[in-house]
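For reference, the structure is listed below as structure tokens.
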Amino acid sequence: RMVYARALSLVERHTEAISQLEFITQSRPDLPTPWLFLGALHLELNHPKEAIIALQKHLDRLDNPGNSDPLILEGLPENATVNLDDPNRSPQENRQKTWLLLAQAAEQLGDQASAQAWLNKVDDPRLVRDVIERQVAILAKQGKITEARKLIQNLGDHQADDRSKVLLEAFLLREAKSWGEAQKVLQSANQRIPNDIDLLYEQAMVEEKLNKLIDMERLLHQVIRLKPDHYNALNALGYTLADRGMRLSEAKSLIKQALQLSPQNPFILDSMGWVEFRLGNYKEALRLLRLAYKSRPDAEISAHLGETLWVMGQRQEALQIWREGLQRDAKNQVLQATLQRLKAKP
11 RMVYARALSL VERHTEAISQ LEFITQSRPD LPTPWLFLGA LHLELNHPKE
61 AIIALQKHLD RLDNPGNSDP LILEGLPENA TVNLDDPNRS PQENRQKTWL
111 LLAQAAEQLG DQASAQAWLN KVDDPRLVRD VIERQVAILA KQGKITEARK
161 LIQNLGDHQA DDRSKVLLEA FLLREAKSWG EAQKVLQSAN QRIPNDIDLL
211 YEQAMVEEKL NKLIDMERLL HQVIRLKPDH YNALNALGYT LADRGMRLSE
261 AKSLIKQALQ LSPQNPFILD SMGWVEFRLG NYKEALRLLR LAYKSRPDAE
311 ISAHLGETLW VMGQRQEALQ IWREGLQRDA KNQVLQATLQ RLKAKP
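Numbering (our numbering), first residue to last: 11 to 356.
This is the structure:
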């Protein structure tokens with residue numbers, strides 16, 4: 011079940027993975043690792059309260075020396091079997107990684123003081139970069155962009171290479187919605203470090219925010235040439251075209267390729283549902299968007315599912331779906347724009 015949950019999480023089917031982990035934690039509540047995995051997935055779905063409960067249970071079991079298990083959270087090889095021992099991971103390392111996750115949960119709740127208190131407990135030199143990443147996120151939410159950028163620039167070469175610093179600074183600037191600054195940082199990096207797939211993809215996403223679609227498309231095609239199975243790039247290009255009602259046949263073809271590479275990925279199912287909606291195929295759009303939302307109840311997916319239901323006359327269900335989306339992420343731009351455009355008040 012742990013391997014299956016891990017496989018589900020790798021293809022973004024987090025809701026199903028959580029169901030597997032809840033079964034394990036109910037049947038074997040003494041095992042530490044399933045609680046850690048469960049907490050991490052709740053964080054991914056922006057469920058900080060549930061994450062804190064699971065992570066605290068993990069810590070409780072780590073503090074009891076009689077509760078040890080051979081299961082691990084990360085680094086499963088592709089041919090993993092039931093033998094999942096990681097002899098290099100100590101209980102103290104697990105404890106420190108759990109403190110990092112608790113800091114992230116506090117951050118999601120808007121409790122920056124508690125987040126910083128958890129980070130202050132982490133003293134493993136190997137986790138310095140992880141701590142700084144969380145501190146950068148906290149500073150971004152507080153609007154302290156200059157301070158956060160200095161923190162990144164002061165990272166030693168042994169803590170982060172040039173590429174890592176760029177990706178972290180780009181994350182900061184995206185959080186602050188400083189799209190122009192993010193573009194400058196990434197353009198410069200792509201000149202210094204040519205043909206880096208992650209940097210090219212990040213710049214493409216920034217160009218989309220700046221509505222520079224020609225540049226975005228050029229960069230995404232470059233990513234696809236370098237890595238033909240990069241389903242995120244295929245999906246991003248297809249979705250961008252579909253969302254703007256452009257070249258819908260081509261958009262559907264791109265998303266279909268992405269879905270073949272990552273079947274049942276909820277974000278790609280959402281894109282396919284959205285292109286079907288744009289094509290006027292409402293029944294098929296509804297089927298796909300329901301599948302996506304069931305697997306990943308994300309605020310943006312709720313916007314698309316709700317609009318499809320709204321257009322099909324199922325307005326009470328649409329309002330309920332939107333209410334759920336607002337509970338998860340009240341500031342989601344796609345959801346807010348949808349509600350404003352349709353003059354809907356969930």
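C-beta atoms are modelled at their ideal positions from N, C-alpha and C, and glycine is treated no differently.
Consult DSSP for residue i and reduce its assignment to one of helix, strand or coil.
i: Glu22; result: coil
i: Leu55; result: coil
i: Ser272; result: coil
i: Val132; result: coil
i: Met322; result: coil
i: Leu220; result: coil
i: Ile155; result: helix
i: Pro42; result: helix
i: Gly256; result: The sequence shown places Met at residue 256, rather than the Gly named in the question. Residue state, collapsed to three classes: coil.
i: Arg71; result: helix
i: His314; result: helix
i: Lys262; result: helix
i: Ile203; result: coil
i: Asp239; result: coil
i: His339; result: The question names His, but residue 339 in the sequence shown is Asp. Coil.
i: Leu165; result: coil
i: Gly6; result: Outside the shown range of the chain (11 to 356) lies residue 6, about which nothing can therefore be said.
i: Arg144; result: helix
i: Leu289; result: coil
i: Asp208; result: helix
i: Arg11; result: coil
i: Asp225; result: helix
i: Lys194; result: helix
Between the options, which has its C-alpha nearest residue i's C-alpha?
i: Val285; options: Ser305, Asp308, Leu271, Glu317; result: Glu317
i: His57; options: Lys194, Leu111, Ile278; result: Leu111
i: Leu229; options: Leu129, Gln193, Ala302; result: Gln193
i: Asn342; options: Tyr292, Lys353, Ser312, Lys355; result: Ser312
i: Glu117; options: Tyr211, Gln152, Ala27; result: Gln152
i: Tyr211; options: Ile265, Tyr241, Asp280, Asp121; result: Tyr241
i: Arg208; options: Glu218, Trp189, Lys237; result: It should be noted that the sequence gives Asp, not Arg, for residue 208. Checking every option, the nearest Cα to that of Asp208 belongs to Lys237.
i: Glu26; options: Lys154, Asn74, Lys222, Phe47; result: Phe47
i: Arg139; options: Gly120, Lys160, Leu165; result: Leu165
i: Lys154; options: Ser124, Arg136, Lys187; result: Lys187
i: Leu183; options: Lys219, Asn205, Asp171, Asn275; result: Lys219
i: Gln66; options: Trp128, Ser198, Lys304, Gly120; result: Trp128
Rounded to whole angstroms, what is the Cα-Cα separation between residue i and residue j?
i: Leu149; j: Leu196; result: 21 Å
i: Glu103; j: Glu185; result: 29 Å
i: Val21; j: Ser272; result: 7 Å
i: Arg325; j: Asp70; result: 46 Å
i: Asp133; j: Ala64; result: 23 Å
i: Glu60; j: Ala17; result: 22 Å
i: Arg235; j: Gln330; result: 42 Å
i: Gly248; j: Asp225; result: 15 Å
i: Glu157; j: Ser174; result: 18 Å
i: Arg105; j: Ser19; result: 22 Å
i: His314; j: Thr108; result: 34 Å
i: Val344; j: Gln350; result: 10 Å
i: Lys353; j: Met256; result: 24 Å
i: Gly335; j: Pro356; result: 10 Å
i: Asp339; j: Gln114; result: 16 Å
i: Phe33; j: Lys262; result: 37 Å
i: Val216; j: Asp73; result: 44 Å
i: Pro42; j: Ser29; result: 17 Å
i: Ala328; j: Thr348; result: 12 Å
i: Glu191; j: Asp308; result: 28 Å
i: Ala15; j: Arg159; result: 37 Å
i: Arg11; j: Leu279; result: 25 Å
i: Pro87; j: Leu31; result: Confidence is the limiting factor: at Pro87 the pLDDT is only 38, short of 50, which leaves the residue's position unreliable, though a coordinate-based value still follows. Pro87 and Leu31: Cα-Cα distance of roughly 20 Å.
i: Trp189; j: Val176; result: 14 Å
i: Lys222; j: Gln232; result: 16 Å
i: Leu137; j: Glu260; result: 44 Å
i: Phe277; j: Gln270; result: 13 Å
Under DSSP, the alpha helix (DSSP H) around residue i begins and ends at which residues?
i: Gln102; result: 101-118
i: Ala186; result: Unbroken run through Ala186: none, as it is neither H nor E.
i: Arg306; result: From DSSP, Arg306 is part of no alpha helix (DSSP H); its letter is neither H nor E.
i: Leu352; result: 343-352
With a CB to CB cut of under 7 Å and the five nearest residues on each side skipped, what residues in its chain are close to residue i?
i: His24; result: Leu51, Glu54, Leu55, Arg306
i: Leu360; result: Nothing about residue 360 can be reported from this structure: the residues present for the chain run from 11 to 356 only.
i: Ala90; result: Confidence in Ala90 is poor, its pLDDT being 34 and thus under 50, which makes the residue's placement unreliable; the coordinate value appears in the next sentence. Correct list, in chain order: Val13.
i: Tyr292; result: Thr318, Val321, Met322
i: Gly283; result: Ala295, Leu298, Leu299, Ala302, His314
i: Ser281; result: Asn245, Gly248, Tyr249, Ala252, Ile265
i: Glu143; result: Leu178
i: Thr35; result: Pro44, Trp45, Leu48
Got a sec? Which residues, its chain only, sit under 6 Å from residue i by beta carbon, not counting five neighbours each side?
i: Glu179; result: Ile162, Val195
i: Ala214; result: Met226, Leu229, Leu230
i: Pro421; result: Outside the displayed range of the chain (11 to 356) lies residue 421, so it cannot be described from this structure.
i: Ala199; result: Val176, Leu209
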